[in-house]
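Enquirer:
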Amino acid sequence: MKRRSVYILVCLVLSFTQFSCDDYLQEKPKDKLQYEDAYDNLANLYLNAVASLYTNIGGYSDSQGLQGTGRGVYDLNTFTTDEAIMPTRGGDWYDGGFWQGLYLHKWGVNNDAIQATWEYLYKVIVLCNKSIEKISEFKALHNDTELPSYLAEVRAMRAMYYYYLIDLFGRVPLVVSSSTPINEVTQNSRKEVFEFIVKELQEAAPLLSETHSNKPGIYYARITRPVVYFLLAKLALNAEVYTDNNWIDGVHPDGKNIYLNVGGKQLNAWKSVEAYCDSLTAFGYGLENEYDTNFAVFNESSVENIFTIPMNKNLYTNQMQYPFRSRHYNHAKAYGFTSENGSSATIEVLRTFGYDTGEVDPRFDKCYFAGIVYDLKGNVVTLDNGTVLEYMPWDVAVDISNTPYEKTAGARMKKYEVDETATKDGKLMENDIVLFRYADVLLMKSEAKVRNGEDGDEELNSVRSRVGAPLRKTTLTTILAERQLEFAWEGWRRQDLIRFGLFTRAYSNRPQLPGEENGYTTVFPIPERVRLMNPNLVQNPGY
Amino acid sequence: MKQHRVIRERISVLCLVFLSMQLDIIAQDIPSSPADSLITVGYATGNKKNVSGSVDKITEQEMNKDQITNPLEAIRGRVPGLTIQKGNKGTNGPAALDAVRLRGTTSLTSGNDPLIIVDGVFGDLSMLTSIYPTDIESFTILKDASETAQYGSRGASGVIEITTKKGISDKTRVSYNGSFGIASVYKSLKMVSAAEFREIAGERNISFLDLGNNTNFLKEIEQTGIQQNHHVAFYGGSDASSYRVSLGFMDRQGVILNEDLNNLTSNMNMTQKVFGDFIKCELGMFGSVQKNHNLFDYQKTFYSAATFNPTYPDHKNTETNSWDQITNASQITNPLAWMEVKDHEVSSHISTHARLTFNLLDELKLVMFGSYTNNIVENSQYLPTSVWAHGQAYKGTRKMESLLGSLILTYKKSLGKNFFDALALAEFQEETFTGYYTTVTNFGTDKFGYDNLQAGAIRLWEGTGSYYEQPHLASFMGRFNYTYADRYIFTVNARADGSSKFGVNNKWGFFPSVSAAWVVSEEEFMKQLTLVDNLKFRMGYGLAGNQSGIDSYTTLSLVKPNGVVPAGTSQVVSLADLKNTNPDLKWEIKHTFNMGADIALFGNRLLLSANYYNSKTSDMLYLYNVSVPPFAYNTLLANIGSMRNSGTEIALGITPLKNKDLELNINAHITFQQNKLLSLSGSYNGESILAPEFKSLTDLNGAGFHGGYNHIVYQIVGQPLGVFYLPHSKGLVSDGSGGYTYDIADLNGGGVSLEDGEDRYIAGQAVPKALLGSNISFRYKMVDVSVQVNGAFGHKIYNGTSLTYMNMNIFPDYNVMKGAPEQNIKDQTATDYWLEKGDYVNLDYLTVGWNVPVNSVKKYIQSLRLSFTVNNLATITGYSGLSPMVNSSSVNSTLGVDDKRSYPLARTYTFGLSINF
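Chains as they are written, first to last, in my numbering: chain A, 3 to 545; chain B, 1355 to 2271.
Spelled out as structure tokens, the structure:
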């Protein structure tokens, strides 16, 4: 009797274990959402497939973001040129030779920052591919009228990121689907990708709004038609570089022989630039009366800014780290911040601006701190020991350790108005970061005209007279110099030098590398670790 | 789904088969002897003799007796293959959680901690803070596959079972244990003094700000730590019931200012028999509240204290009423200002369990077990405006709840010389992890600290958040053990585990194991050799799954908030994928083979035990680097690589003297361990994933080290985990102006390049090749002396502290080490110049105890013991840095590198009292 009751008890117990394990082991996340909940209606689709991509345009960690953070696209375009230098100051800024490597063009194929930049640019492209697929899926089931413009916006963003990729890396794989298997990721030639970018942008443009996106409104900080036209102008301007599949053979295409289809007409590269620039003028952009308005704390009202990174210290995570990186410790302390005492102007910059001569360009004072520094109340900034802080611009070099001006050498970054209410040592400021602006449109037009054999004086001098600089005759040399004067610290220098064929020349503290005259350094190496994981990728010549 | 349904059916059938056995057998009386003590090995209760795997049991007599405040210290050095690294963050502070490794690191996803079981309640290392060491009756450590297989995936890295003291069926007894100790620093780094500082700056014509003082900042941040422990326990019972209640209190101050810990623990359990012997009911509860004051960023603390200008004062500036800072030295702050940073943690833990044992038949038992654990950790931090511009406060809470239920059916039967026992188990576990946090900045005043968050003006979007995670585990197991004539032992385990963390088709894994043992000393021909008390050979092979180190929800395509964007006219939070997903994620499997022998001679006066193990982890779970494009992010959690661990453990115990008045016990064990990362490449989804050849694990920090060539310890396929891959320095070479730089060798021709794959070579490994533990105890009448010695050999340590502090380039913004001006090195390139051997022998503690004779007062006092202990007596080593005991076992960002993080060396002197009424 006892045994039988025992058997029954045991069987009952065992039967408890027969309930469904499948349901028990199924995951039910609560702090994350499944795709069905994120892309279910038009508003969510817009927010999570389109707007969420814009969190990648700015950034707060290294190599993320088009501008504002270090060791990314901006640094690769700035510290590798004669515009800026990060001198090694004793125990600071050596960083294993990273900054010296950039300045001397000895960055190496295993460079972490170059790899991180490659991965950042492609991350956004793969996310764009996913967004395009999500929007297309939604479009197959709904026919809201906004959907084509959403698709166009994401395609334009993807094209913009491919533009940065061919600008930095030359030959890159063209990936347009989020489910491409690894073995199908193969390199395309620079010209192929260039043509893809131009086609995508031209197809996207008509579907986008004409609104000035730097102003608050429903298109704030978004890619609108003016942004796309600006990019097309840039692409056409650099067409000689981007259609050159072999950049070390000494033979470069001629812009007059490269044709783009602009508004139904076949125009050569330079004429295309002019056409797109004229469209931007037609959209109502113009030069601000004051240069400073574009970089003010509340620069959303500027009529000159075309594409900006939105900044809001309480909400957006985008940071602007460059002034923080540049100022001397006591200089920042006078503003209530800390800083890193690093980036400085080079000797070439000082010469271009005419520093220490009687005819220094008026923009020098807007872009640089040199000599004695004052805080926001007009008091002189002093060092810990009471002596006056004086920046010594001429004393920069690649390594200034143990020199008398180790900490104070170099003219530092000004440009953006100091936001006294900024947090995180000034990195979270209200001033929107300027990526594209109208002064560039005028100089692009001037340059295109000169290259096409016409006169570009009008545009160049309108930029010069805005700041009160004396008028100049327009030649390729004066245009290049004007671009340095106007766009100091804006991240265009490398592209400009390459276009003018001057990137590989020697300048102060930078001898030309052996073999560099063939131009192999105008393109960064495909990161070696990426090539290891995808053997389809062939290294760029010279590396 | 068919698979586990089949398994369930099979187990039911197995159980029913046993039930139907109608044999009338009398249970055999199993005699016990020292090497034969009754132990609970996993779910089975048996004798050590009947165990076919390697099991170490440490009872109270064998534990490190005195001045232990963490249960793990009780077994440090006693168990071969067990490494206890003080502090898993490399810190030696009082609140540091130890990092524990049993037989090395076998997984890359940090699922390497052994499973901790306290009275049947499963938990992790943090649960140990709730157990007062005096409440522990024994530790059972399981290492071999067939033993850990009983615990399935959670036991893949070994199991440490703790049994707490239970009540006795006797009149109520009371016992009190207390101790009082002092911790003080006996050695710290020697930096240049203020006078020398001025002299050198004067000689070299270097200007600096001289505030006229003579401060030794390293000394200024030290304090003498006072420590006390108190513990009271009541226990007693009757024939049918027994109980034990205890309360413990620990208060320890560290040797750095403001560091301290106090811990209140409580442990209650009771047993009651119901319906005669039919049901035994056990209830238990243990809990603790621990409050810690930690050092916030101890690397910055020690770096600042060592390199701050010694001419600065040790008090606030009288004019500004704030601490003077050196604006040029951006990587450090005034260490005394840093002491005002608050980092407080309160951890509350409660664990309850109940076990009902039904003695259904003589041979058949049914156990129903349930446990509930709730752990809440609350963190509060405040960085004042003197060290962090505008101040910053952080408050966060992490909660962990765990609910476990299991059903076990056991059957034991003896048929003549045959003895077998069988076990069937069904178990379910649900853990819930939730938490929330917020960060506030822009404080007008420091006076509120973190106690009123409204005093801060700005709360950034990314500084506030909350999370939720709830993984589930389900398991079924069958175990069968057969012993013939106490001589031949054979065990088979079959376990199936299901985890919610894996992909839809891979949730279940099947992990069998088998082991056998031969007790040679029971053979007839051995019975004549009275010299040999025990001789046993063991061998086993098993599989174990692992999933404890990974997060949930990685196999689903999910989106998460990724930022705030302007959308329309407002700012809204947008969602996006933030990682690559792998829907095919599955179990990581470890295959282990082990064999060993135990021998006891001369009446158990000489014990020798040797074990060999060889395990291979395959389908290793890890964040592999993948190619971007076509992936969006550059890492993917997948099962691809493999790793091998092997080792030999030899344990020796000698008792040369043993009589009434004199006793001498020498225990020593040595472990030789090898580890090799076999591969990180394989295929995922039909594509091949190739691992980068070199991946850095540990980097140096500090001024001038950000990015660039500061990688020291690497993960390289084909090498042990954690190797030094460095450029070779041929020595110092003059730089032409009186200074010296490191002369880097051009190992592969083509000029000197510090890139990975260029002029670097594999210079050694970070994990020791051999571990030594030894305990010598001597007793004369009522006085006993005990010494514990530990050592590690065969590894290297990178002296990043010296690399930084010997570089004269940082002078005068940062202070330098004594001897640096004379050497005049003006370089901080990381080369093998500062890679040193890490071999050491450490005298862990010395205890002298006196068991006071209480025969005269036996009516009141059962026993009384006084003791005196000195901890951290001395370290014998060739390493030139402060201490060779850096992190040499946990594979994380601090492995193998001494980088300005070491605590000053301190000794603790403790008086202890233990009295039983």
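Using N, Cα and C, we set each Cβ at its ideal position, and we do this for glycine too.
Taking A:H333 as the reference, give the member of A:T359, A:N381 and A:S403 with the closest Cα.
Expert: Residue mapping note: residue 333 of chain A aligns to position 331 of the first sequence, counting from 1. Closest option to A:H333, Cα to Cα, is A:N381.
Enquirer: Taking the alpha carbon of B:Q1746 as the point to measure from, which residue in B:F1650, B:F1571, B:I1762 and B:L1426 has its own alpha carbon closest?
Expert: The sequence position of residue 1746 of chain B within the second sequence is 392, counting from 1. With distances taken between Cα atoms, B:Q1746 lies closest to B:F1650.
Enquirer: Per the contact definition of three or more C-beta pairs closer than 8 Å, is the segment 1585–1593 of chain B in contact with the segment 1522–1537 of chain B?
Expert: Counting Cβ pairs under 8 Å, three or more are found: they touch.
Enquirer: Three-state secondary structure (DSSP) at B:I2151?
Expert: If you number the second sequence from 1, residue 2151 of chain B lands on position 797. Strand.
Enquirer: In chain order, what residues of the same chain lie with their CB nearer than 7 Å to the CB of A:N50, ignoring the 5 residues before and after it?
Expert: Position 48 of the first sequence, counted from the start, is the residue given in the question as residue 50 of chain A. Cβ neighbours of A:N50 beyond the five flanking positions: A40 and Y41.
Enquirer: Quick one, which residues of the segment 518–538 of chain A are near chain B if we go by CB-CB under 7 Å, in chain order?
Expert: Correct list: R531, V532, L534, M535 and N536.
Enquirer: What first and last residue would you give for the beta strand (DSSP E) that runs through B:R1606?
Expert: Counted from its first residue, the second sequence places residue 1606 of chain B at position 252. From DSSP, the beta strand (DSSP E) with B:R1606 extends over S1595 to Q1607.
Enquirer: What is the rounded straight-line gap between the Cα of A:E96 and the Cα of B:D2198?
Expert: One-based indexing of the first sequence puts residue 96 of chain A at position 94. One-based indexing of the second sequence puts residue 2198 of chain B at position 844. This sequence places Tyr at residue 96 of chain A; Glu is not what is there. Straight-line Cα distance between these residues: approximately 41 Å.
Enquirer: With a Cβ-Cβ cutoff of 7 Å, do A:A450 and A:E290 count as a contact?
Expert: Counting from one through the first sequence, the residue named residue 450 of chain A turns up at place 448. Counting from one through the first sequence, the residue named residue 290 of chain A turns up at place 288. No, the pair does not count as a contact, with Cβ atoms beyond the cut-off.
Enquirer: How far does the beta strand (DSSP E) with A:G74 in it reach, from first residue to last?
Expert: Residue mapping note: residue 74 of chain A aligns to position 72 of the first sequence, counting from 1. Per DSSP, A:G74 belongs to no beta strand (DSSP E) and is neither H nor E.
Enquirer: Taking the alpha-carbon positions, what's the B:S1408 to B:G1957 distance?
Expert: If you number the second sequence from 1, residue 1408 of chain B lands on position 54. If you number the second sequence from 1, residue 1957 of chain B lands on position 603. Taking the straight line from one Cα to the other gives about 21 Å.
Enquirer: For B:I1470, which option in B:T1463, B:S1480 and B:S1461 has the closest C-alpha, if you only look at C-alpha atoms?
Expert: As a working note, residue 1470 of chain B is residue 116 in the second sequence. Checked all of B:T1463, B:S1480 and B:S1461; the closest Cα to B:I1470 is B:S1480.
Enquirer: Using a Cβ-Cβ cut-off of 6 Å (strictly less than) and excluding sequence neighbours within five positions of B:Y1736, which residues of its own chain qualify?
Expert: As a working mapping, residue 1736 of chain B is identified with position 382 in the second sequence. So the qualifying residues of the chain are K1696, A1747, G1803 and Y1804.
Enquirer: B:V2170 by DSSP, collapsed to three states: which one?
Expert: Taking the second sequence and counting its residues from 1, one reaches residue 2170 of chain B at position 816. Coil.
Enquirer: Under 7 Å between beta-carbons, which chain A residues line up against B:Q1582? List them in chain order, please.
Expert: In the second sequence, the residue the question calls residue 1582 of chain B occupies position 228. Correct list: empty, because the minimum Cβ distance to chain A is about 42 Å.
Enquirer: Take the Cβ of B:D2186 as the centre, count every other Cβ of all protein chains shown within 10 Å, and call the residue buried at 16 or more, exposed below.
Expert: Here residue 2186 of chain B corresponds to residue number 832 of the second sequence, with the count starting at 1. It counts as buried.
Enquirer: Go ahead and label B:P1738 buried or exposed: buried means 16 or more other beta carbons lie within 10 angstroms of its beta carbon, across all protein chains shown.
Expert: Locating residue 1738 of chain B in the second sequence gives position 384, where the first residue counts as 1. Buried is the call here.
Enquirer: Determine, for A:E194, whether the minimum Cβ-Cβ distance to residues of chain B falls below 7 Å.
Expert: For the purposes of this step, residue 194 of chain A is taken as residue 192 along the first sequence, with counting starting at 1. No, no contact with chain B.
Enquirer: Helix, strand or coil: which one does DSSP assign to B:E1755?
Expert: Indexing the second sequence from 1 puts residue 1755 of chain B at position 401. Note: B:E1755 maps to strand in three-state DSSP.
Enquirer: Would you be able to state if there are at least three C-beta pairs under 8 Å between the segment 1937–1955 of chain B and the segment 1484–1491 of chain B?
Expert: Because the criterion of three Cβ pairs below 8 Å is not met, the segment 1484–1491 of chain B and the segment 1937–1955 of chain B do not touch.
Enquirer: Determine the chain A residues that contact B:N1988 at a beta-carbon separation under 7 Å, and present them in chain order.
Expert: The count along the second sequence starts at 1 and reaches residue 1988 of chain B at position 634. Per Cβ cutoff of 7 Å: E121.
Enquirer: Would you check if there are 3 or more beta carbon pairs closer than 8 Å linking the segment 1965–1980 of chain B to the segment 1989–2005 of chain B?
Expert: The segment 1965–1980 of chain B is in contact with the segment 1989–2005 of chain B.
Enquirer: Drop a sphere of 10 angstroms on the beta-carbon of A:Y62, count the other beta-carbons inside from all chains shown, and report buried for 16 or more, exposed for fewer.
Expert: On the first sequence, position 60 is the one that residue 62 of chain A refers to. Burial call: buried.
Enquirer: In three-state DSSP terms, what is B:Y2038?
Expert: To locate residue 2038 of chain B, count along the second sequence from 1; it is residue 684. Reduced to three states, the DSSP call for B:Y2038 is strand.
Enquirer: Excluding the 5 residues flanking B:M1974 on each side, which residues of the same chain have their C-beta closer than 7 Å to its C-beta?
Expert: If you number the second sequence from 1, residue 1974 of chain B lands on position 620. Closer than 7 Å at the Cβ level, and outside the excluded window around B:M1974, lie S1461, L1462, E1942, N1993, I1994, G1995, S1996 and M1997.
Enquirer: Which same chain residues end up closer than 7 Å to A:A284 when comparing Cβ atoms and leaving out the 5 residues on each side of it in sequence?
Expert: What you label residue 284 of chain A is simply residue 282 of the first sequence in a count that begins at 1. Nothing listed; no residue qualifies.
Enquirer: Going by Cα to Cα distance, which pick from A:I402, A:A115, A:L462 and A:T354 is closest to A:K447?
Expert: Position 445 of the first sequence, counting from 1, holds the residue named residue 447 of chain A. That would be A:L462, whose Cα lies nearest to the Cα of A:K447.
Enquirer: Taking Cβ-Cβ distances below 9 Å as the criterion, which residues of the segment 409–438 of chain A are in contact with chain B?
Expert: Cβ contacts with chain B: K409, T425, K426, D427 and L430.
Enquirer: At a CB distance below 9 Å, what residues from the segment 1759–1775 of chain B approach chain A? Give them in sequence order.
Expert: Here the close residues are L1761 and L1763.
Enquirer: Find out if the Cβ-Cβ distance for the pair A:A411, A:D397 is shorter than 7 Å.
Expert: Here residue 411 of chain A refers to the residue found at position 409 of the first sequence. Here residue 397 of chain A refers to the residue found at position 395 of the first sequence. Contact: yes.
Enquirer: Mind checking the segment 1655–1666 of chain B against chain A and listing, in chain order, the residues whose C-beta falls within less than 9 Å of any C-beta there?
Expert: Within the segment 1655–1666 of chain B, no residue has a Cβ that lies closer than 9 Å to any Cβ of chain A.
Enquirer: Report yes or no: is there a C-beta of chain A within less than 7 Å of the C-beta of B:W1815?
Expert: Locating residue 1815 of chain B in the second sequence gives position 461, counting from the first residue. Closer than 7 Å to some Cβ of chain A, the Cβ of B:W1815 qualifies, so yes.
Enquirer: Where does B:T1727 sit, in a helix, a strand or coil, going by DSSP?
Expert: In the second sequence, residue 1727 of chain B corresponds to position 373, counting from 1. Of the three classes helix, strand and coil, the one that applies to B:T1727 here is strand, per DSSP.
Enquirer: For B:R2219, report the span of its beta strand (DSSP E) as first-last.
Expert: On the second sequence, residue 2219 of chain B is found 865 positions in, with the first residue counted as 1. Run containing B:R2219: S2217 to T2231, per the beta strand (DSSP E) assignment.
Enquirer: Counting only C-beta atoms, is B:E2109 closer than 7 Å to chain A at any point?
Expert: Position 755 of the second sequence, counting from 1, holds the residue named residue 2109 of chain B. Yes, its Cβ sits closer than 7 Å to a Cβ of chain A.
Enquirer: Run through DSSP, which three-state label would B:G1465 get?
Expert: For the purposes of this step, residue 1465 of chain B is identified with residue 111 of the second sequence, where counting begins at 1. Here B:G1465 sits in coil by DSSP.
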